[in-house]
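In UniProt numbering, the protein residues as written are 1 to 314.
C-beta atoms are modelled at their ideal positions from N, C-alpha and C, and glycine is treated no differently.
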Amino acid sequence: MRALVTGAAGFIGSTLVDRLLADGHTVVGLDNFASGRASNLEHLADNPAHVFVEADIVTADLEAILDEHRPEVVFHLAAQIDVRHSVADPQFDASVNVIGTVRLAEAARRAGVRKVVHTSSGGSIYGVPPRYPTPETVPTDPASPYAAGKVAGEIYLNTFRHLYGLDCSHIAPANVYGPRQDPHGEAGVVAIFAQALLSGKPTKVFGDGGNTRDYVFVDDVVDAFVKASGDAGGGQRFNIGTGVETSDRELHTAVAAAVGGPDDPEFAPPRLGDLKRSCLDIGSAAEVLGWRPKVELTEGVRRTVDYFRRTHAG
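See the structure below:
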């Protein structure tokens, strides 16, 4: 398979590139390094099956790029990922997450791409849902421009599917964690805790520590992207999580145990807009894609801490 991965230098994108190459595919990676890091791909410099293009999905000539490389499948992970920045500057968020997606869809259908696998957001698009774990049948209720943009991306791609036959599926991950996660971002709490504890710095939990999230390991998420690149699931959204809620306090305990550090976080006032709960029903992915998570939280946290311990030592 010839694949193009947008957001290829990011945490999830670079892990997906590695998986595709390991599976024997040829990969074109595209990134503008707004949040991705060149270091995530530097080990591929001499790999003949990998080509990297530095480009921005908002401004680049995507039609020319896709026409040159002729991918069969496009994995679309490039995005503005900061929810709070989307609130502060919704126009910029929409320019990347909506217009960028539309530009990519237009280029893909003109280049004869078979399928686009799009990244949605299982942790944000449902707002405060009536059910936990939350299935895809629950109506979307975005509470931020970021979430609204992800839903809009789904709608546009499904529209292109109806108009032009450009197949698509939407991967809606819960809270993804693992090696290469940015410890300075707003959402990478496992990485944030790990980096702080390894450095002997204080850690902070917002609220009383009772907020819950569904934490899913990056390798499992990448496996879902790969499984969604086939013929199954056209036009569908797939929640990708574990179906298990873990509180902020429980997560801190797990990371501290893996580090061998103190399980004594500071408690800060709750942040405005933070959801109290988030947990996804993954039944559709299991039924349609044959996907299930394999890495339990304790093991995933251990692997993540080991990664940060190595990079911290380096």
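Rounded to the nearest angstrom, the gap between the Cα atoms of A147 and I125 is 5 Å. In the same chain as T246, and ignoring 5 residues on each side of it, the C-beta atoms closer than 7 Å to its own belong to T212, R213, Y215, L297, in chain order. With respect to the C-alpha of Q236, the residue from V305, H118, A55 having the closest C-alpha is H118.
In this structure, G149 is the residue among H50, A232, G149, R70 with its C-alpha nearest to the C-alpha of H85. Between the C-alpha atoms of L198 and V102 there is a straight-line separation of about 42 Å. Around the beta carbon of E136, 16 or more other beta carbons lie within 10 angstroms, which makes this residue buried.
By a beta-carbon distance limit of 8 Å, V221 does not contact R19. Their separation comes to about 10 Å. Between the alpha carbons of A256 and V83 lies a gap of roughly 27 Å.
Beta-bridge analysis with DSSP links P173 to I240.
Rounded to the nearest angstrom, the gap between the Cα atoms of D46 and S229 is 26 Å. Excluding five sequence positions before and after G100, the CB atoms of its chain that fall closer than 6 Å to its own CB belong to I57, V58, given in chain order. Residue pairing for L280: DSSP places it in a beta bridge opposite T134. In this model, A194 and R109 are separated by some 42 Å (Cα to Cα). Between K204 and the set S121, D263, L272, the nearest pair of CA atoms involves D263.
By the criterion of a C-beta distance shorter than 6 Å, A174 is surrounded in its chain by G122, G123, D214, V216, G241, L280, once the five residues flanking it on both sides are discounted. From the listed residues F238, V176, K201, T311, the smallest Cα separation to F11 is found for V176.
When only Cα atoms are considered, A79 and E266 end up about 32 Å apart. Our two residues, E54 and A34, have alpha carbons roughly 11 Å apart in a direct line. In the displayed model, S124 falls within coil according to three-state DSSP, outside both helix and strand.
For the set A258, K294, G207, the Cα lying nearest the Cα of P269 is the one of G207. Our two residues, H43 and P202, have alpha carbons roughly 33 Å apart in a direct line. For the pair V28 and L4, the CB atoms are nearer than the 8 Å cut-off. In this structure, DSSP gives F11 a helical state, which the three-state scheme calls helix.
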